[in-house]
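All remarks here apply to the structure that follows.
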Amino acid sequence: MENRAQFGSRAGFIFAAVGSAIGLGNIWRFPAVAYDNGGGAFFLPYLFALLTAGIPLLILEFAIGHKYRGSSPLSLARIKKGGEWIGWWQICISFVIATYYAVIIAWALAYTYFSFKLEWGTDTTQFLIGNYLKVGGTDTMGSFVPGVLFPLILVWLIVLGILFAGVKKGIEMGNKIMIPLLVVLFLIICIRAVTLDGAMEGLNQFFKPDWSTILDGKVWVAAYGQIFFSLSIGFAIMITYSSYLPKKSDITNSAFVTGFANSGFELLAGFGVFAALGFMAAQQGVPVNEVVKGGVILAFSIFPTIINQLPAFNEIFGILFFVSLTLAGLTSLISIVETYIAGIQEKFNISRTKAVIFGGGVTAIVSLTFSTQNGLNLLDVADYFINQFGVAMAGLFEVIFIAWFAKQLKPLQAHADSVSDIRLGAWWRISLSIITPVVLGYMMFDNLRQNLTSEYGGGDYPREFLFKYGWTVAVGAILVGVLITLKPWKGHALEQPAFEEKKEVS
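Residue numbers for the sequence shown follow the working numbering, beginning at 968 and rising by one.
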């Protein structure tokens, strides 16, 4: 579209892309994954995965969005008609993720408030599960939990307000404020954490390399998995964001900056988290490995326990930590919701305001189900299945479509080279046509094998619950994506011209 909204500057785009990549997983997933897969030795396969999958995929998606100037479905349809359904599949995945991701941000907001008086008490797990979330059984939704519902409404008001403002005044401005603030707050947390008793032992456990793990294939798969899930690739975000770039944009360099900025924050998060875990282990007189956890429990149970045990400024540390979680979540949620706002706007030829009201409004309403007493169970199952059989699989199909069927790697390389200072070599095409499909393909095979031989949760969830909120959600995203594809584009959307570029690489 010739009058397509644009970022005001390359820096604004990078802030937005980094904001999308840096999310809750950087803080609560990466440290535990690194520790469980060889500690310091994990950084070797992690760096290799970043250079052979993460950054190449970022460049690919930046090039697609920049060249074809559309949301993921429109861009893939302009490449080859048969690719549109992959774009809608990715958007459906983003929709599902947005519905529960917003709820976690609502928890972080609530815990920011709790931090003023350390309201979680001494039994932080019981407070989270019983007092705050009021978790019930899987057989009924239960009632709405006011302590989750009201912060959730506030989250959606913030996100939709930013998206109403548009690309430059909303997304760009919001990320320019939130990302620097997030980094400053987390730096303060890390500086405070490293001064605590036992912090050095925690850091030693985090960075101490176990070189025997280097030959373990599972460690390399874990490294690629972390890179893939962390960089917001494979579910339409980066294609959408890069479609708002002006013609003169160094997309290759932007991909390197985004990739290394994300990894830098993950390293910073690991530093802060393990310094704090070392302190907790010292206070309890146990080895560090006994207190290492990831996910929701790390953020909302273990960290409140650590905050309780601090010698001073407990409330301030709590506020800093949960505000950091909130900011990391908001920047990612904004990007997730933007994917289907852009898709809806283009497919149905409606204004951005209508797209935000419809797309964002429907998501907000659906997300209310996660503020019920059954919300944590729903979140756990939906998150597992949409990530394992949605994000990674859609990314695999995208790469195979571009590299093998549409044969667009060379034209896209030519486009990237024509607007970038760094010229891509054969490593980029080899990474995307061979390495990435093989690794993602193996991940999918292994995931299917594990889930067909043993049920997720080890029996914690009834089989019908897993089917209804796990498998149905993952498969439903594909089916809905295919159904939307059946609706024809209005006008001459598919004939919109791409940017002119230099001749194709040989």
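Backbone N, C-alpha and C define an ideal beta-carbon position, used for all residues, glycine too.
| Asked | Found |
| --- | --- |
| Stretch-stretch touch, CB-based, cutoff 8 Å, three pairs: the segment 1423-1442 with the segment 1345-1362 | yes |
| Residues of its chain near residue 1287, where Cβ-Cβ distance is below 7 Å and the 5 sequence neighbours each way are ignored | 1152, 1155 and 1156 |
| N- and C-terminal bounds of the alpha helix (DSSP H) containing residue 1023 | 1022-1035 |
| Per DSSP, cross-strand counterpart(s) of residue 1176 | 1006 |
| Contact belief for residue 983 with residue 1138 at Cβ below 8 Å, rounded distance in angstroms | 5 Å |
| Strand pairing of residue 1111, partner residues [DSSP] | 1339 |
| C-alpha distance - residue 1399 paired with residue 1111, whole-angstrom precision | 45 Å |
| Where residue 1202 falls: helix, strand or coil (DSSP) | coil |
| Helix, strand or coil at residue 1462 according to DSSP, with G and I counted as helix | helix |
| Which listed residue (1121, 1047, 1026 and 1057) has its alpha carbon closest to that of residue 1335 | 1121 |
| Cut-off 6 Å between Cβ atoms - residues of its own chain near residue 1456, not counting five sequence neighbours on either side | none |
| Inter-residue CB distance, residue 1244 and residue 1255 (contact presumed, cutoff 8 Å) | 6 Å |
| Residue closest to residue 1134, alpha-carbon to alpha-carbon, out of 1319, 1360 and 1442 | 1319 |
| Assigned secondary structure, residue 1132 (DSSP; H/G/I helix, E/B strand, else coil) | coil |
| Status (buried if at least 16 other CB within 10 Å, exposed otherwise) for residue 968 | Any answer about residue 968 is weak, because its pLDDT of 42 lies below 50 and its placement is not dependable; what the coordinates show is given next. Exposed, because fewer than 16 other Cβ atoms sit within 10 Å of the Cβ of residue 968. |
| Check whether residue 1308 and residue 1322 have beta carbons under 7 Å apart | yes |
| Proximity below 7 Å, CB of residue 1079 to CB of residue 1289 | yes |
| Residue environment, residue 1058, which counts as buried when at least 16 other CB atoms sit within 10 Å | buried |
| Contact the segment 1336-1349 vs the segment 1102-1117: 3+ CB pairs below 8 Å | yes |
| Residue burial classification, residue 1129 (beta-carbon count within 10 angstroms, cutoff 16) | buried |
| For residue 1117, the nearest candidate out of 1427, 1008, 1337 and 1210 (CA to CA) | 1337 |
| Residue 1086 (DSSP reduced to helix, strand or coil) | coil |
| Any 3 or more C-beta pairs closer than 8 Å across the segment 1001-1008 and the segment 1179-1196 | yes |
| Through-space distance from residue 1043 to residue 1472, alpha-carbon basis | With a pLDDT of 48 at residue 1472, under the threshold of 50, the modelled position of that residue is not reliable, and the figure given next carries that caveat. Each residue's Cα considered, the two are about 21 Å apart. |
| Proximal residues to residue 1072 (C-beta, below 7 Å), its chain only, five neighbours per side dropped | 1122, 1293, 1296, 1297 and 1300 |
| Cβ pair residue 1412, residue 1211 closer than 7 Å | no |
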